[in-house]
């Protein structure tokens with residue numbers, strides 16, 4: 139298949155030692171001379187006016203090796219490599235013909251003395267003429283999804299005893315003869331299935347009791363595979379597709395977008411754009427964490443910085459207290475002092491309690507000097523219960539220390 143697709147040659151290659159021979163043969167084929175001389179017999183490979191009744195030809199003594207165009211029809215082949223000898227192809231609105239040998243006594247000496255020599259060349263020249271209407275008859279050949287369709291039509295009616303045949307020459311040179319079926323009084327038709335890419339030669343003939351009523355030849359070209367051809371609509375297939383997808387076939391335009399009775403659909407959405415954006419945003423942080431080295435001291439500094447920031451905020455909040463709040467705090471302090479003064483006056487009227495008994499002093503060791511007696515406490519200006527209790531507490535503490 140690879141060789142066919144590349145217009146090459148296929149060799150099995152089962153033995154590695156045969157590869158050099160294959161290469162040598164290919165080199166010889168590529169380097170062969172374009173002018174080939176010898177004794178060659180042409181082979182009929184296509185049907186047209188020059189080769190329609192041709193069964194055998196005289197030999198040729200030489201030809202020029204060529205390659206046929208992709209859209210050309212090869213009517214005669216020659217040589218071991220089946221090189222084209224007579225080819226024809228469409229050129230605009232006309233036909234072009236190529237003959238790779240000569241028409242003189244050098245290579246065609248046997249053809250010059252051939253009794254059909256003049257008729258052959260007359261038919262070759264005639265193939266280049268535009269097709270003319272012959273009594274209202276017309277030959278049509280076209281390719282479609284069903285294959286190659288052939289039709290012979292007439293302006294009037296064919297005779298009742300008329301019969302039709304056609305010869306189809308495929309692009310590979312194979313010939314197929316088909317019978318034309320009468321579809322009405324003025325037409326014969328036939329379909330050749332399986333028409334692939336290439337140029338097809340069609341020769342049609344209508345006869346009556348062995349005599350020709352009409353004969354002509356034409357070509358049909360398929361430039362692409364049949365699977366790419368436009369086909370006809372199939373309502374059953376569309377109905378199955380609609381049922382499989384939960385849709386409707388041929389709905390009313392007013393209800394074309396009405397979701398009633400339809401199964402809810404689902405759709406997919408690509409996430410890679412959002413993920414790519416997230417990766418782009420986190421890339422600087424990733425680079426920073428990889429490049430920077432954070433230690434415990436750095437963390438402590440960060441915590442201390444945040445604490446200072448918080449303390450400054452609290453101090454700023456306290457400093458912004460209003461004057462009314464300051465007045466309230468001052469009034470509360472004055473009330474506390476007034477209560478303390480009233481409590482001192484009440485304590486002065488009550489009898490002073492006796493001081494607790496003082497334990498005897500413990501003799502100090504001889505090696506140490508006696509502790510100096512505490513200086514007498516200055517008389518307190520405080521009078522009253524609160525001042526007396528405070529003085530008694532101080533004396534008791536001094537006795538314990540002494």
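In the working numbering, the protein residues as written are 139 to 540. Ideal Cβ placement from N, Cα and C applies to all residues, glycine included.
Taking residue i as the reference, which of the options has the closest Cα?
| i | options | result |
| --- | --- | --- |
| residue 258 | 280, 237 and 145 | 237 |
| residue 383 | 391, 403, 213 and 372 | 403 |
| residue 252 | 220, 192 and 295 | 192 |
| residue 266 | 299, 226 and 284 | 226 |
| residue 370 | 282, 532 and 480 | 282 |
| residue 329 | 313, 304 and 174 | 304 |
| residue 205 | 213, 469, 221 and 313 | 221 |
| residue 334 | 287, 405, 218 and 406 | 287 |
| residue 245 | 178, 279 and 435 | 178 |
| residue 234 | 197, 386, 153 and 262 | 262 |
| residue 187 | 174, 214 and 199 | 214 |
| residue 264 | 476, 313 and 189 | 189 |
| residue 203 | 182, 197, 183 and 173 | 173 |
| residue 322 | 308, 291, 346 and 450 | 291 |
Below 8 Å between beta carbons: does that hold for residue i and residue j?
| i | j | result |
| --- | --- | --- |
| residue 306 | residue 340 | yes |
| residue 228 | residue 357 | yes |
| residue 311 | residue 342 | no |
Give me the Cβ distance between residue i and residue j, rounded to the nearest whole Å; I'm assuming they're in contact under 8 Å.
| i | j | result |
| --- | --- | --- |
| residue 180 | residue 195 | 5 Å |
| residue 185 | residue 201 | Not a contact, Cβ separation roughly 21 Å. |
| residue 223 | residue 247 | No, residue 223 and residue 247 are not in contact; Cβ-Cβ is about 16 Å, not under 8 Å. |
| residue 277 | residue 350 | Residue 277 to residue 350, Cβ: 13 Å. No contact. |
| residue 274 | residue 332 | Rounded, the Cβ-Cβ distance is 32 Å, inconsistent with contact. |
| residue 360 | residue 327 | That belief does not hold up - the Cβ atoms of residue 360 and residue 327 are roughly 18 Å apart, past 8 Å. |
| residue 344 | residue 300 | 6 Å |
| residue 199 | residue 175 | 6 Å |
What does a CB cutoff of less than 6 Å around residue i pick up in its chain, not counting 5 residues either side in sequence?
| i | result |
| --- | --- |
| residue 501 | Any reading at residue 501 must be qualified, since the residue scores a pLDDT of 48, below 50, and its modelled position is unreliable; no value is offered. |
| residue 532 | none |
| residue 429 | none |
| residue 182 | 189 and 192 |
| residue 346 | 297, 299 and 300 |
| residue 279 | 288, 340, 356 and 358 |
Got a sec? Which residues, its chain only, sit under 8 Å from residue i by beta carbon, not counting five neighbours each side?
| i | result |
| --- | --- |
| residue 242 | 250 |
| residue 255 | 249 |
| residue 474 | none |
| residue 141 | 147 and 148 |
| residue 400 | 384, 385 and 386 |
| residue 412 | none |
| residue 145 | none |
Got a sec? Which residues, its chain only, sit under 7 Å from residue i by beta carbon, not counting five neighbours each side?
| i | result |
| --- | --- |
| residue 294 | 274 and 324 |
| residue 197 | 177, 178, 179 and 248 |
Should the stretch 367-381 be called in touch with the stretch 197-212, which here means at least 3 C-beta pairs below 8 Å?
-> Fewer than three beta-carbon pairs drawn from the stretch 367-381 and the stretch 197-212 are found closer than 8 Å, and the two stretches are therefore not classed as touching.
Inter-stretch contact at 8 Å, needing at least 3 Cβ pairs: the stretch 315-326 / the stretch 158-166 | No, the stretch 315-326 does not touch the stretch 158-166.
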